[in-house]
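S.K.: All residue numbers for the sequence shown refer to this note's numbering, where the first residue is 8 and numbers rise by one.
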Amino acid sequence: MLTALLAVPFALALVGFLFSAWQTQSIERRYDNIGELIDIGGMRMNSVFVPAGSEADLPPIVFIHGASGNLRDPMHAFRPALEGRSDLLFLDRPGHGYSDRGGPENARPDGQARAIARLMEARGMERAIIVGHSFGGAIAASFALEHPEKTAGLLFLAPATHPWPGGVDWYYNLAKMPVVGWLFSHIVAMPAGLTRIESGTRSVFEPNPRPQDYVDATAPALVLRPTTFRNNAIDVANLLAYVRRVQPRYREIRTPTVIVTGDSDGVVYEEIHSRGLARDIAGSELVWIRNLGHKPDYVVTDLAVEAIEKIAGRDRDLQESARRAEAHLAKQNTK
Numbered sequence: 008m009l010t011a012l013l014a015v016p017f018a019l020a021l022v023g024f025l026f027s028a029w030q031t032q033s034i035e036r037r038y039d040n041i042g043e044l045i046d047i048g049g050m051r052m053n054s055v056f057v058p059a060g061s062e063a064d065l066p067p068i069v070f071i072h073g074a075s076g077n078l079r080d081p082m083h084a085f086r087p088a089l090e091g092r093s094d095l096l097f098l099d100r101p102g103h104g105y106s107d108r109g110g111p112e113n114a115r116p117d118g119q120a121r122a123i124a125r126l127m128e129a130r131g132m133e134r135a136i137i138v139g140h141s142f143g144g145a146i147a148a149s150f151a152l153e154h155p156e157k158t159a160g161l162l163f164l165a166p167a168t169h170p171w172p173g174g175v176d177w178y179y180n181l182a183k184m185p186v187v188g189w190l191f192s193h194i195v196a197m198p199a200g201l202t203r204i205e206s207g208t209r210s211v212f213e214p215n216p217r218p219q220d221y222v223d224a225t226a227p228a229l230v231l232r233p234t235t236f237r238n239n240a241i242d243v244a245n246l247l248a249y250v251r252r253v254q255p256r257y258r259e260i261r262t263p264t265v266i267v268t269g270d271s272d273g274v275v276y277e278e279i280h281s282r283g284l285a286r287d288i289a290g291s292e293l294v295w296i297r298n299l300g301h302k303p304d305y306v307v308t309d310l311a312v313e314a315i316e317k318i319a320g321r322d323r324d325l326q327e328s329a330r331r332a333e334a335h336l337a338k339q340n341t342k
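#1: Enumerated in chain order, which unbroken segments of the alpha helix (DSSP H) with a length of 4 residues or greater are wholly contained in the region 131-195?
#2: Are the CB atoms of G76 and P227 nearer to each other than 9 Å?
#3: Between R121, L181, A148, which has its C-alpha nearest V195's C-alpha?
#4: Considering only the beta carbon of each residue, do L190 and A20 sit closer than 9 Å?
#5: If you draw a straight line from the C-alpha of H333 to the C-alpha of Y179, how long is it?
#6: I need the DSSP call for E316, collapsed to helix, strand or coil.
#7: Have a look at R79, V57, Y105 and flag the residue whose alpha-carbon is nearest the alpha-carbon of G91.
#8: Would you mind reading off the limits of the alpha helix (DSSP H) that contains T264?
#9: Relative to the C-alpha of A147, which candidate in I123, P172, R130, D39 has its C-alpha closest?
#10: So, is T235 buried or exposed, given that buried needs 16 or more other C-beta atoms within 10 angstroms?
#11: Using the Cα positions of I136 and H154, report the straight-line distance between them to the nearest angstrom.
#12: Tell me which residues share the same chain as G118 and place their Cβ nearer than 6 Å to its Cβ, disregarding the 5 neighbours each side in the sequence.
#13: In the DSSP assignment, what are the bridge partners of I296?
#14: Is it buried or exposed for Y67, if we count other Cβ within 10 angstroms and need 16 for buried?
#15: Restricting to Cα atoms, I'd like to know which of T264, R252, M52, E316 is closest to W171.
#16: How many angstroms separate the CA atom of G23 from the CA atom of A240?
#17: Is DSSP giving N40 helix, strand or coil here?
#18: Hey, would you say N40 sits closer than 9 Å to G104, going by beta carbons?
#19: Taking C-beta to C-beta, are I296 and D324 nearer than 9 Å?
#20: Could you tell me the distance, in whole angstroms, from the CA atom of R321 to the CA atom of P214?
#21: Nearest-angstrom Cα distance between L293 and S33?
#22: Determine the extent of the alpha helix (DSSP H) in which M82 is found, giving its start and end residues.
#23: For N238, does the three-state DSSP call read helix, strand or coil?
#24: Are the CB atoms of V69 and P166 within a distance shorter than 9 Å?
#25: Applying the 10 Å Cβ sphere with the 16-neighbour rule, what's the burial state of E278?
#26: State the Cα-Cα distance for the pair D313 and A224, rounded to the nearest angstrom.
#27: Quick check: R130 and I260, are their CB atoms within less than 9 Å of each other?
#28: Bridge partners for S93 per DSSP, in chain order?
#29: Can you name the residues that DSSP bridges to R51?
#30: Within 10 Å of its beta-carbon, does K157 have 16 or more other beta-carbons around it, so buried, or fewer, so exposed?
#31: Does the Cβ of G49 have 16 or more other Cβ atoms within 10 Å, making it buried, or fewer, making it exposed?
#32: May I ask you to report which of helix, strand or coil DSSP gives V69?
#33: In three-state terms, what does DSSP make of V57?
#34: Which residues mark the beginning and the end of the alpha helix (DSSP H) in which Q119 is found?
#35: Quick check on this structure: which residue in R51, S93, R37 has the alpha carbon closest to the alpha carbon of A319?
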């Protein structure tokens with residue numbers, strides 16, 4: 008009887024494991040690697056480099072995606088608006104997309120910042136404006152602290168950079184655990200996650216509409232692959248302790264900085280992170296937009312491009328652009 012009872016959960020676990028392996032192959036066939044893997048010393052990082060055109064008017068720009076993302080996310084938002092104007096580098100963070108994870112240091116933003124700096128060197132980029140969305144904001148801040156000579160400016164989009172009350176969702180801490188986390192990531196995460204891609208991506212954009220082509224264009228399913236899922240969980244689970252330690256150093260940052268955030272962000276506490284950055288980084292500009300959620304990279308792309316232009320030294324009234332964006336979002340909400 009005991010053997011029969013044990014056989015049921017074992018069989019279910021085996022089915023979950025095989026389903027996850029099958030779906031991993033299916034996802035990778037559907038969203039194959041569109042980047043180039045480059046050895047940066049002990050690991051390979053994946054990226055898409057879009058060279059500037061003959062009439063480039065902006066310095067090089069590096070885009071750092073958030074949690075659960077990959078290079079397709081910022082590339083879908085910004086490449087159409089910026090191609091030809093600058094050297095653009097879209098990258099998979101260590102352990103995400105098609106990049107290798109590398110060593111244990113890459114479980115923290117400073118380790119990932121150092122990996123990005125080595126990738127820039129391999130790509131021939133000496134200095135760049137660093138654009139970080141959400142979790143990528145913590146890496147952008149660490150990049151400026153670790154590599155000020157490579158930082159031409161910072162653009163934070165709905166960043167996660169400061170200590171916040173509470174913690175993270177339970178499954179991040181579970182997936183981080185040594186044995187149980189491996190089992191959870193290889194058996195449960197894939198079937199559970201596939202049922203939530205549609206609702207989950209829409210919730211990230213709320214209260215703003217999600218673009219119809221977002222899921223197909225940005226491949227969020229890549230994060231459900233067991234190894235990537237666990238890497239992402241470790242990143243997120245480690246973030247709170249990391250920013251508690253590093254946030255006091257943000258006052259050392261001395262580079263042109265813009266922070267774009269909304270008052271309706273359901274993912275991060277904009278009052279803590281964005282206002283905290285504006286307080287901590289001398290001379291930074293906070294652009295606060297009513298009725299904007301967690302995706303300013305998509306919802307107010309034009310304003311984000313203006314912010315890049317201002318960081319590069321152009322005369323841009325970002326506060327006036329924010330008011331125009333608010334008027335547009337208000338019209339959307341009345342439809």
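Here a beta-carbon is modelled for each residue, glycine too, at the ideal position from N, C-alpha and C.
M.R.: Looking at the atomic coordinates:
#1: Listed in chain order, the complete alpha helix (DSSP H) runs (minimum 4 residues) inside the region 131-195 are 142-153, 177-183, 187-194.
#2: A contact, by the Cβ cut-off of 9 Å.
#3: The residue among R121, L181, A148 with its C-alpha nearest the C-alpha of V195 is L181.
#4: The beta carbons of L190 and A20 sit closer together than 9 Å.
#5: The sequence shown places Glu at residue 333, rather than the His named in the question. Near 34 Å, if we compare the C-alpha coordinates of Y179 and E333.
#6: Helix, per DSSP.
#7: Ranking R79, V57, Y105 by Cα distance to G91 puts V57 first.
#8: Bounds of any alpha helix (DSSP H) do not take in T264; it lies within the beta strand (DSSP E) bounded by 264-269.
#9: Taking only the C-alpha atoms, the option nearest A147 is I123.
#10: T235 comes out buried.
#11: Separation of I136 and H154 (C-alpha to C-alpha, rounded to the nearest whole angstrom) is 12 Å.
#12: These residues qualify, in order along the chain: E112.
#13: In the DSSP output, where bridge partners are listed per residue, I296 has G269.
#14: One point to set straight first is that residue 67 is Pro, not Tyr, in the sequence displayed. Flag for P67 reads buried.
#15: In this structure, R252 is the residue among T264, R252, M52, E316 with its C-alpha nearest to the C-alpha of W171.
#16: So the two alpha carbons sit approximately 19 Å from each other.
#17: Three-state result, N40: coil.
#18: Yes. Within cutoff.
#19: In this structure, I296 keeps its C-beta atom at 9 Å or more from the C-beta atom of D324.
#20: A direct Cα-Cα distance of roughly 31 Å separates R321 from P214.
#21: So the two alpha carbons sit approximately 42 Å from each other.
#22: 79-89 is the extent of the alpha helix (DSSP H) around M82.
#23: Note: N238 maps to helix in three-state DSSP.
#24: Not in contact: P166 and V69 (Cβ atoms no closer than 9 Å).
#25: Result: exposed.
#26: A small correction: the amino acid at residue 313 is Glu; Asp does not occupy that position in the sequence shown. Using only the alpha carbons, I get a separation of about 24 Å.
#27: With a cutoff of 9 Å on beta-carbon distance, R130 and I260 are scored as not near each other.
#28: In the DSSP output, where bridge partners are listed per residue, S93 has E90.
#29: R51 pairs with D46.
#30: Buried is the label assigned to K157, since at least 16 other Cβ atoms lie within 10 Å of its Cβ.
#31: By the 10 Å Cβ count, G49 comes out exposed.
#32: V69: strand per DSSP, three-state reduction.
#33: Looking at V57 - three-state DSSP - the assignment turns out to be strand.
#34: Note, Q119: alpha helix (DSSP H), 116-129.
#35: Closest by C-alpha distance to A319, out of R51, S93, R37, is S93.
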